[in-house]
Structures are given as C-alpha cells and as structure tokens.
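Enquirer: Heads up: the sequence shown begins at 1 in full-length UniProt numbering, then just goes up one per residue. Idealized CB from N, CA, C, for every residue including glycine.
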Amino acid sequence: MLTSQYVRLTPDERSKEGSIWNHLPCFLKDWEMHVHFKVHGAGKKNLHGDGIALWYTRDRLVPGPVFGSKDNFHGLAIFLDTYPNDETTERVFPYISVMVNNGSLSYDHSKDGRWTELAGCTADFRNRDHDTFLAVRYSRGRLTVMTDLEDKNEWKNCIDITGVRLPTGYYFGASAGTGDLSDNHDIISMKLFQLMVEHTPDEENIDWTKIEPSVNLLKSPKDNVDDPTGNFRSGPLTGWRVFLLLLCALLGIIVCAVVGAVVFQKRQERNKRFY
C-alpha cells in the first residue's frame, strides 16, 4: 500500500507479502543507506511476525519465501526479524542479522537464518512510539550496521564486519512477509549517500560489476551458536579441539619444567661459589 507518508509492505494480516525496489542499479563502490521504518501491530509478545528484509541484490521484484523475496539470492541481505521460529534459541527478539550470498546458500527460516548469519544483534524496534532508523554502510570491504531506536538522534553499533566483497550494479530494495502471524511493515524513507573514499590504482582497475559476493572469514558461520547478548560465539569444543588444547597445555608444562630446571641448576652453581 502506497501513501504520501509511507509504503506499507504488508498490513497486519496473515499471509501477505510486499516489496519496494529501486528502478536503477547502484554503481557506487562506497555507500551508506539510511532507512526510516516502522514495524507495529496488535499482536502481543511473540504473536507477531515476521519482519523486514533490506536487500542489495542482483535480482529485484522476485517474490519468494524469505521475508517476501527470493531465496538463493546474489548479494547482501539485512534481516530485521521479529519472530523466533527456533524454539531452542537463546536470542532475544527482535533480532537484526546479516547474510551475504552468491546464490549457493538457502535461508533457513526454521533456524532464523542462524547457519548463514555472519553477525547480528538484538534490537527492540517493534511498536515504538517514536521514529526508528537503521543505517547500512559499505566501504572498502567493511560492512557496518547501526540503529537509532531510542529517539536520541544518535547511532548505536549493531554489526561490524570486514572482508566483505560486493559488486556494483545491484539493486536496493526492502520486502516483508507475514504467515500465521502478522504486523504492519512500513518503509517511510530510504536514502542513499555516496561515500568519498580514495582507492588504490589496483582497486580502480577492477571491474567491480564482475565481483562475486563473498566474505573472508576466519571461521564458518555454521560454527556460530546463540548468545543471549545477541552476538554469536564459537561452538562447543570438538574432539580435535580438545586434543589440541591438551597438547598445548602439555607443551606448556614441559617448557615450564625445563625453564625451572635450568634456573635451579644456575642457582646451585652460584651457591657453590660461596662455599
């Protein structure tokens, strides 16, 4: 629904979906997007859903099961999830998460996208009496997500990831979907800003339209498990990790013993000189 004040992606009704996309692709290498949004409805705690997805993707206007848009997408997605589908989760919802995809990954709704999430944070943006904002910044491989949810006119850090590779020529969009539970999902404004960043000659010579969406991580997102604070941490120790830990501890003990023996021997030799 389009009004003079907002675009309503979905009304507070079951089994609805909607999206809004820009007509022209973005060819900026470094950019910042400010989104003024509102998620609200009559549903009480955990009786509402599902949330909003913000997109920077190769394809646009393709309906699908991921917050009203297609799965196995190419590009970047920021999910503003309001409903915990995974009953075993320790996360506090609403929850914001980030996913980068080259078309090979599928978003798992039953696990709230945990296996493909790069980072996330808890963010209380639903049914607020004041304006709510989100900022997404991408510059030189660094992706930052910030929120302004407390009516303080200041940004709060939510997500900060380095090693992110995104091409130019993709489309910005926003979508939402409801299932058995529902909410009003409104986009009030989306503003894109160019960041003036100096690139090296090698970076300037790259064909940015041919870059494959990817992230250089020290660990796989599938190693992530829930943390009540909203961030992910390393998973439980597996057998080989326990072995390496014990091996390091044993080597540490041996080194300490050798150093202690050398120090003791030198002290003994020093004491003999005074007899």
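1) May I ask you to list the residues that DSSP assigns as paired with residue 4?
2) So the candidates are 73, 138, 198, 39; which of them puts its Cα closest to the Cα of residue 165?
3) In terms of alpha-carbon separation, which member of 250, 182, 202, 178 lies closest to residue 65?
4) By a C-beta neighbour count over all protein chains shown, 10 Å radius and 16 as the cutoff for buried, is residue 19 buried or exposed?
5) Just the C-alpha distance for residue 74 and residue 206, rounded to the nearest angstrom, thanks.
6) List, from N- to C-terminal side, the beta strand (DSSP E) runs of 3 residues or more that fit wholly inside the stretch 101-146.
7) Short check: CB of residue 127 to CB of residue 39, under 9 Å?
8) Is the beta carbon of residue 146 closer than 9 Å to that of residue 117?
9) Could you check where the beta strand (DSSP E) with residue 32 kicks off and where it finishes?
10) Go through its chain and collect everything with a Cβ distance to residue 181's Cβ below 8 Å, but skip five positions before and after it.
11) Can you tell me whether DSSP reads residue 20 as helix, strand or coil?
Expert: In short:
1) Residue 4 pairs with nothing; no bridge assigned.
2) Residue 138 is the option with its Cα nearest to residue 165.
3) Among 250, 182, 202, 178, the Cα nearest to that of residue 65 is on 178.
4) Residue environment: residue 19 is assigned as buried (16 or more neighbouring CB atoms within 10 Å of its CB, all protein chains considered).
5) Cα-Cα distance, rounded: 19 Å.
6) Unbroken beta strand (DSSP E) stretches of 3 residues or longer found wholly inside the stretch 101-146: 119-122, 132-139, given in chain order.
7) Going by C-beta atoms, residue 127 is nearer than 9 Å to residue 39.
8) Using a Cβ distance threshold of 9 Å, residue 117 and residue 146 do not count as a contacting pair.
9) Per DSSP, residue 32 is one residue of the beta strand (DSSP E) stretching across 31-40.
10) Same-chain partners within the cutoff: 14, 43, 47, 48, 49, 50, 83.
11) Of the three classes helix, strand and coil, the one that applies to residue 20 here is strand, per DSSP.
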